[in-house]
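Structure record follows, encoded as structure tokens.
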Ligand code: GAP
């Protein structure tokens, strides 16, 4: 039954032919994402990023960093440790509250999140509250803390127990004073961080959507109490615009979802999720939260020294309020892949069947390979010219050189990994120093001079608009 259900959701396609099953298969086949420790049968809750996946993830991270840190003169970066003092998590409330209600089946031993049961029962037409897998008897719900614990040092007793951080945010809060004391920042200002986080999720599903090890891109924006509503609106607008403009995500697949009273954390004043329309439904991609002064106050309380801020503009002293933008980096990789994936019929093949190409319409800024260079044939000095051209572009772009097979097939291989530009060197190139520039999206080809190629590509990337 479990397998059947998984297959059903994995097969759901969006209007461009993207389904989870096809994305997983493409990711494995082309080296974006592999099951973790696959030679031992894999660990379904974690995944490895291959040659193209690590480039894609790095590009998304860099785009975020540029938008948040480089483009704001009042936002600075941080890279805090994953392992933190355990008091951190008492202060933040994670030890007490960071749990999901867990229900076990007494018969087949499957575990469920209690809050997922209603949906599963509905899906399977179960009306007696029994196990959705085997119709067995379910236990009462108990709280299951999502933090992973480990032991620091040689003694495995509770005195040395520490946690793997379940969010990057707390590294920012505990360093608030350090940053204020050592950087020329003044409220309002932000601290940004990208890094790994770990959660012992009861149900990991949908590929890299929900995993036990993942990466976050978080920014805490500190404001004077009273100014939080304005900052909240500002950050909501900036964050959704980043997905559209920099990641190239289609506007109609993004929306805001405001947390209702039941979803809202007890300390939060307001919270919105930026949701994406995955083939399996609308789900969270990023959270934008108005967190009051809860975190700084609690850390002040737990460390024994109030963490506050002396505002030089009016000599007032206060605990700043916080607006948090919390995006999943690994989840953004999934969204970038999902949104870019298109199956397009572009005519008929030799047998008269529809000729379908698979193409990833990545924004060029995040494409793992920006430009591929091909000699039309490898003889008559064409490969030498193409190799020289490719080497000349390496400093500025992620390049790829390929001299094998028919040119049309080489273009298709690049379409499938989302390479926005291909350059072909042919016999005319030897005579007039021109090459063919082929565009991934339109498949249009134009003849351009070799000289100034890097500048031309830079312009194409800068001016890119998704059709
Ligand atoms: N500091 C606030 C915070 O961590 P969250 O809503 O729990 O908020 C923020 O997480 C983002 O992190 C989510 O929107 C999602 O993109 C990502 N995320 C959370 N749990 C995840 C998981 N188990 N696997 C992958 N991404 C996850």
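In my numbering, the protein residues as written are 2 to 468.
Built from N, CA and C at the ideal position, the CB exists for glycine as well.
Less than 9 Å separating the beta-carbons of residue i and residue j?
{"i": "residue 272", "j": "residue 298", "result": "no"}
{"i": "residue 417", "j": "residue 31", "result": "yes"}
{"i": "residue 281", "j": "residue 21", "result": "yes"}
{"i": "residue 65", "j": "residue 195", "result": "yes"}
{"i": "residue 48", "j": "residue 209", "result": "yes"}
{"i": "residue 338", "j": "residue 57", "result": "yes"}
{"i": "residue 411", "j": "residue 375", "result": "yes"}
{"i": "residue 148", "j": "residue 327", "result": "no"}
{"i": "residue 223", "j": "residue 323", "result": "yes"}
{"i": "residue 304", "j": "residue 170", "result": "no"}
{"i": "residue 141", "j": "residue 104", "result": "yes"}
{"i": "residue 415", "j": "residue 434", "result": "no"}
{"i": "residue 102", "j": "residue 143", "result": "yes"}
{"i": "residue 383", "j": "residue 422", "result": "no"}
{"i": "residue 401", "j": "residue 357", "result": "no"}
{"i": "residue 426", "j": "residue 387", "result": "yes"}
{"i": "residue 163", "j": "residue 85", "result": "yes"}
{"i": "residue 302", "j": "residue 270", "result": "no"}
{"i": "residue 312", "j": "residue 188", "result": "yes"}
{"i": "residue 24", "j": "residue 277", "result": "no"}
{"i": "residue 156", "j": "residue 236", "result": "no"}
{"i": "residue 240", "j": "residue 340", "result": "no"}
{"i": "residue 319", "j": "residue 207", "result": "no"}
{"i": "residue 393", "j": "residue 455", "result": "yes"}
{"i": "residue 145", "j": "residue 201", "result": "yes"}
Locate the alpha helix (DSSP H) running through residue i, then write down its first and last residues.
{"i": "residue 244", "result": "229–246"}
{"i": "residue 175", "result": "170–175"}
{"i": "residue 415", "result": "408–418"}
{"i": "residue 301", "result": "295–304"}
{"i": "residue 120", "result": "115–125"}
{"i": "residue 336", "result": "330–341"}
{"i": "residue 370", "result": "That residue, residue 370, is in no alpha helix (DSSP H); it is neither H nor E in DSSP."}
{"i": "residue 390", "result": "383–394"}
{"i": "residue 438", "result": "Run containing residue 438: none in the alpha helix (DSSP H); it sits in the beta strand (DSSP E), 435–440."}
{"i": "residue 26", "result": "21–31"}
Between the Cα of residue i and those of the options, spot the shortest distance and give me the residue it belongs to.
{"i": "residue 55", "options": "443, 190 and 330", "result": "330"}
{"i": "residue 198", "options": "381, 36, 369 and 81", "result": "81"}
{"i": "residue 135", "options": "43, 152, 107 and 161", "result": "107"}
{"i": "residue 390", "options": "121, 438, 354 and 355", "result": "438"}
{"i": "residue 474", "options": "368, 333, 178 and 216", "result": "Shown here, the chain extends from 2 to 468; a query on residue 474 therefore has no answer."}
{"i": "residue 88", "options": "161, 112 and 36", "result": "161"}
{"i": "residue 325", "options": "405, 261, 193 and 317", "result": "193"}
{"i": "residue 429", "options": "381, 262 and 397", "result": "381"}
{"i": "residue 53", "options": "404, 38, 367 and 466", "result": "367"}
{"i": "residue 212", "options": "37, 395, 454 and 26", "result": "37"}
{"i": "residue 360", "options": "403, 315, 182 and 344", "result": "344"}
{"i": "residue 227", "options": "294, 432 and 26", "result": "294"}
{"i": "residue 216", "options": "264, 59, 183 and 122", "result": "59"}
{"i": "residue 420", "options": "172, 403 and 432", "result": "403"}
{"i": "residue 96", "options": "168, 123, 114 and 315", "result": "168"}
{"i": "residue 471", "options": "151, 460, 246 and 14", "result": "Residue 471 is absent from the model: the chain starts at 2 and stops at 468."}
My guess is that residue i and residue j are in contact by the Cβ rule of under 8 Å, so how many angstroms apart are they, rounded?
{"i": "residue 255", "j": "residue 268", "result": "Not confirmed; about 27 Å, so no contact."}
{"i": "residue 190", "j": "residue 76", "result": "7 Å"}
{"i": "residue 205", "j": "residue 45", "result": "6 Å"}
{"i": "residue 424", "j": "residue 372", "result": "6 Å"}
{"i": "residue 83", "j": "residue 165", "result": "6 Å"}
{"i": "residue 61", "j": "residue 248", "result": "7 Å"}
{"i": "residue 51", "j": "residue 34", "result": "6 Å"}
{"i": "residue 365", "j": "residue 462", "result": "4 Å"}
{"i": "residue 178", "j": "residue 308", "result": "6 Å"}
{"i": "residue 109", "j": "residue 126", "result": "That pair is no contact at about 18 Å."}
Could you give the residue range of the beta strand (DSSP E) that holds residue i?
{"i": "residue 272", "result": "271–279"}
{"i": "residue 64", "result": "It is not in any beta strand (DSSP E) - residue 64 instead sits in the alpha helix (DSSP H) that spans 52–66."}
{"i": "residue 198", "result": "190–199"}
{"i": "residue 356", "result": "355–361"}
{"i": "residue 258", "result": "255–259"}
{"i": "residue 220", "result": "214–224"}
{"i": "residue 103", "result": "100–105"}
{"i": "residue 311", "result": "310–312"}
{"i": "residue 150", "result": "150–152"}
{"i": "residue 142", "result": "It is not in any beta strand (DSSP E) - residue 142 carries neither H nor E in the DSSP assignment."}
{"i": "residue 425", "result": "422–426"}
{"i": "residue 459", "result": "Run containing residue 459: none in the beta strand (DSSP E); it sits in the alpha helix (DSSP H), 454–463."}
{"i": "residue 448", "result": "446–450"}
{"i": "residue 317", "result": "317–319"}
With 9 Å as the threshold, decide whether the Cβ of residue i is near any Cβ in chain B.
{"i": "residue 61", "result": "In the displayed structure, chain B is absent; only one protein chain is listed."}
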